[in-house]
Amino acid sequence: MTALRERLTSWEGFLLLVLVLLYAWNALASPVFLTLGNQVNLFQLSIEKVIVALAMTFVIINGEIDLSVASVMGLAACSFGWLHGAGVPAAAAIPLVLLLGLACGGFNAFWVVRVGLPSLVVTLATMIAFRGLARVLVEDRGIGGFPAWFNALGQKPLIGPFPFAILLFFAMAALAWVLLHRTVFGRQVTVIGASRAVAEYSGVDVGRVKTAVLVASSGVAALAGLLFAARVGAVRGDVALGFELDIITIVLLGGVSIFGGVGSVTGTVLAILIVLSLRNGMALANLTGHIQSGVLGVLLILSVMVPVFRGWFQRVLHRPEAVS
Amino acid sequence: MTPLSAPALRLLVLLAVLALTVVFFATQIPNYLDARLFNRISTSVAVILPVAVGQAFVVLTRNIDLSVGSIVGATAYATGGLLGAFPDLPPLLVPLVAMAMGGCLGAVNGFLVSRFALPSIIVTLGTLAIFRSLLVQFSGGASITMASLPAWVPAFAQANALSWEGIQLRWMVLLALAVVIVAHVVLARTRAGRQFYAVGSNPDAAAFAGIDLRATVFRAFVISGALAGLAGFLFLSRFGNITVVAGLSWELRSVGAVVVGGVNIFGGSGSVLGVLIGATLIDLIDTSLVRWALVSEFWREAVLGFLILGAVALDALLTRRLLRRRARRSLPGARPALAPSGEARP
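Listed in order, the protein sequences are those of chains C and D.
So for the first sequence, this note's numbering puts the first residue at 5; every next one is plus one.
So for the second sequence, this note's numbering puts the first residue at 5; every next one is plus one.
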């Protein structure tokens, strides 16, 4: 009974309530909102961001941050375009680009884990550098004309109305949930974020876990960049520019603490649904992209205050004995 | 003979790098060293310099301000709109109004960061988007054009204080240099200035010494916003035409100038004289890459990114070595203290 009560009054419960209200509001405002077509569309238009948000959940719970993800997405998409332009078949280019993504993550991890610099600074610098490399590759051109089967990955429904990218997201979300909440690795990620010293004294190889998380983040970002190229069918130097704002907003709104150690995949998935339906609702209401970003900015600041709100919220709802 | 202090050495190294860069490009680009190079770089540095100096105040307190690019854009636009509506405003008042507007936006950042102890990088990433969307909202997507401004505004950016054999020293450049000098004196010689260093180098010790941490951090963000507002006015004066993308991604250039100029990204050390050299170096590389035939100009952004990473890494290594040497001197055989990031490996 207390378990159910705690679950309903948790942050995830609150997010669920917000989500239901948002869906109701959108459904009343626009008759097309609740149609399956619009729901698939809503996911498809942001599928790259939400896939990266899953990996970012691990990074932030681990007590780090990765500001370079959007630039890695751009670099991956542009290097795919560049390889395509150089005559490399798409089937060979895909693994090469994914390897490049892992290498970007390895580069970030080298500076964070080996040299001991804060990930905030390292990934701010590589955010600029990787974006710069993407621009070097494609300059001011747009590269398109990818094979039909590649574009189909991002555009054509594969099973029922769902394209490959959306099915991949569901599979990755399930995998992320198991990995974070049901494996030793997931516990290690969380304990390092909660207290690095405790993790070290407990014999956790902190460097290896942090490296794995940062490499995975860039690897997933590269995959997302490829999906972007497939969905749009062409790449430019500014692919995914500024996406880190949405991605970090989603993760923090989902209840992941910016200081590490707290968070869940369920929270991130709920936050994904909230942000997507908010964006979709704003688009249906004809608000421009800049205004949408502004609203997202407000949401980002509110969500970084989640620990503050969570404190108030639980003090109101729980009696002291239920908190412990 | 006393050896040079570490900060002085740092400045000398920066100056040497700057000189080497000039020499290198002079061998690569024909007719490189002329009056036009000086004129072009000095005016373009003058616009970014106030932003970088403001950023330095924030970085000294262990924070970062990513919203400055949007503040530059918003104040440039608002000042232009104001001048369009009231062309008779006294010229001396206009930069002050721009600074006040920027200061208010900076106060929003400062309030959120200092009152709720939120990470500044997240708060200012949010306000970066918010300030820009306010600009879009109020402008309705329309631009400010040169024709709508009183004649003295574009004239100010062109006016020379000194001119000699084609080398022109603009009033705008002198204004930016004055900002650097005032900021340097404040930071190096006044109690209020030293507090920024104290808060950034050890917040606990600063609090025990009776320094108001919240007020100091708040002040740094207000200064950063106000100087970004001043840069917004200079931007308006120099370019005349303001669109909604004015000042876009300037936050990265200002952070670059600060970090390359030797201000420690972990707070607590650095000087604005270094920031002046850092800003000049970045602009010099930027401008020269465009003219260098061997390498495409699209390398500019990548070079900036790796330059920042290199500067930060160098800084961390130097600090760590310094701490180790001090520890050895005071206690033979002692292990060094934690690295400034607190991230030293076990």
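All C-beta atoms, glycine included, are put in the ideal place defined by N, C-alpha and C.
C-beta neighbour in chain C for residue i, strict 7 Å
{"i": "S273/D", "result": "no"}
{"i": "L308/D", "result": "yes"}
{"i": "E305/D", "result": "yes"}
{"i": "V127/D", "result": "yes"}
{"i": "L326/D", "result": "no"}
{"i": "A133/D", "result": "yes"}
{"i": "H142/D", "result": "Looking at the sequence itself, residue 142/D is Phe, so the reference to His does not match. With 7 Å as the cut-off, F142/D does not count as an interface residue toward chain C."}
{"i": "G130/D", "result": "yes"}
{"i": "F353/D", "result": "Outside the shown range of chain D (5 to 350) lies residue 353/D, about which nothing can therefore be said."}
{"i": "I269/D", "result": "yes"}
{"i": "P123/D", "result": "yes"}
{"i": "L217/D", "result": "no"}
{"i": "A320/D", "result": "yes"}
{"i": "V316/D", "result": "yes"}
Residue i burial status per 10 Å Cβ neighbour count (16 or more: buried)
{"i": "P93/C", "result": "exposed"}
{"i": "E68/C", "result": "buried"}
{"i": "T187/C", "result": "exposed"}
{"i": "W352/D", "result": "The requested residue 352/D is not part of the displayed model; chain D covers only 5 to 350."}
{"i": "Y81/D", "result": "buried"}
{"i": "L79/D", "result": "Note on identity: in this sequence residue 79/D is Thr, with Leu being the wrong assignment. Buried, since its Cβ has 16 or more Cβ neighbours within 10 Å."}
{"i": "P99/D", "result": "buried"}
{"i": "P94/D", "result": "exposed"}
{"i": "P167/C", "result": "buried"}
{"i": "N35/D", "result": "exposed"}
{"i": "L16/D", "result": "exposed"}
{"i": "L227/C", "result": "buried"}
{"i": "R40/D", "result": "exposed"}
{"i": "F90/D", "result": "exposed"}
Residue i and residue j closer than 7 Å at C-beta
{"i": "A133/D", "j": "L249/C", "result": "yes"}
{"i": "V51/D", "j": "L311/D", "result": "no"}
{"i": "G89/C", "j": "I147/C", "result": "yes"}
{"i": "W175/D", "j": "A163/D", "result": "yes"}
{"i": "G54/C", "j": "I262/C", "result": "Residue identity check: residue 54/C is Val in the sequence provided, not Gly. Cβ distance not < 7 Å, so V54/C and I262/C don't count as in contact."}
{"i": "L64/D", "j": "G244/D", "result": "no"}
{"i": "F302/D", "j": "E143/C", "result": "yes"}
{"i": "V248/D", "j": "L139/D", "result": "yes"}
{"i": "V117/C", "j": "S123/C", "result": "no"}
{"i": "A315/D", "j": "V259/D", "result": "no"}
{"i": "L245/C", "j": "A306/D", "result": "no"}
{"i": "V183/D", "j": "P54/D", "result": "yes"}
{"i": "V312/C", "j": "F120/D", "result": "yes"}
{"i": "V193/C", "j": "F62/C", "result": "yes"}
{"i": "A177/C", "j": "V279/C", "result": "no"}
Close beta carbons around residue i, own chain, < 8 Å, minus the five adjacent residues each side
{"i": "M309/C", "result": "none"}
{"i": "W296/D", "result": "F29, Q32, I33"}
{"i": "G264/C", "result": "I64, I65, N66, G67, E68, I196, G197, A198"}
Any C-beta of chain D under 7 Å from that of residue i
{"i": "A133/C", "result": "yes"}
{"i": "I147/C", "result": "no"}
{"i": "A28/C", "result": "no"}
{"i": "E143/C", "result": "yes"}
{"i": "R314/C", "result": "no"}
{"i": "L257/C", "result": "no"}
{"i": "V243/C", "result": "no"}
{"i": "R283/C", "result": "no"}
Listed by chain order, chain E residues near residue i by CB distance under 9 Å
{"i": "R136/D", "result": "As a matter of chain content, chain E is missing from the structure shown, whose protein chains are C and D."}
Residues near residue i by beta carbon distance below 6 Å, same chain, minus five either side
{"i": "L256/D", "result": "none"}
{"i": "I64/C", "result": "V255, V260"}
{"i": "N284/C", "result": "L46"}
{"i": "A81/C", "result": "G229, F232, A233, V239, V243"}
{"i": "G251/D", "result": "G73, V76, G77"}
{"i": "R139/C", "result": "G241"}
{"i": "L86/D", "result": "none"}
{"i": "M5/D", "result": "Below a pLDDT of 50, predicted positions are generally treated as unreliable, and M5/D, at 49, falls in that range; the measurement from the model is reported next regardless. For M5/D, where only same-chain residues beyond five positions count, there are no Cβ hits under 6 Å."}
Close-in-space but distant-in-sequence residues of the same chain around residue i (CB under 7 Å, 5 per side omitted)
{"i": "V210/C", "result": "I196, R200, A203, E204"}
{"i": "S307/C", "result": "T253, L256, L257"}
{"i": "L70/D", "result": "I125, T128, L129, L132, E255"}
{"i": "T220/D", "result": "T65, Q199, F200, V203"}
{"i": "L217/D", "result": "V203, P207, A210, A211"}
{"i": "A97/C", "result": "F84, L87, H88"}
{"i": "R330/D", "result": "none"}
{"i": "T127/C", "result": "I69, D70, L71, S72, N112"}
Got a sec: which bits of the region 80-95 of chain C sit with their beta carbon under 7 Å from any beta carbon on chain D, in order along the chain? Within the region 80-95 of chain C, no residue has a Cβ that lies closer than 7 Å to any Cβ of chain D.
Quick one, which residues of the region 292-304 of chain D are near chain C if we go by CB-CB under 8 Å, in chain order? Contact residues of the region 292-304 of chain D toward chain C are S300, F302, W303, R304 (C-beta to C-beta distance below 8 Å).
Interface positions of the region 255-266 of chain D facing chain C (Cβ-Cβ less than 9 Å), listed along the chain: For the region 255-266 of chain D, the set of residues with a beta-carbon nearer than 9 Å to any beta-carbon of chain C comprises L256, V259, G260, V263, in chain order.
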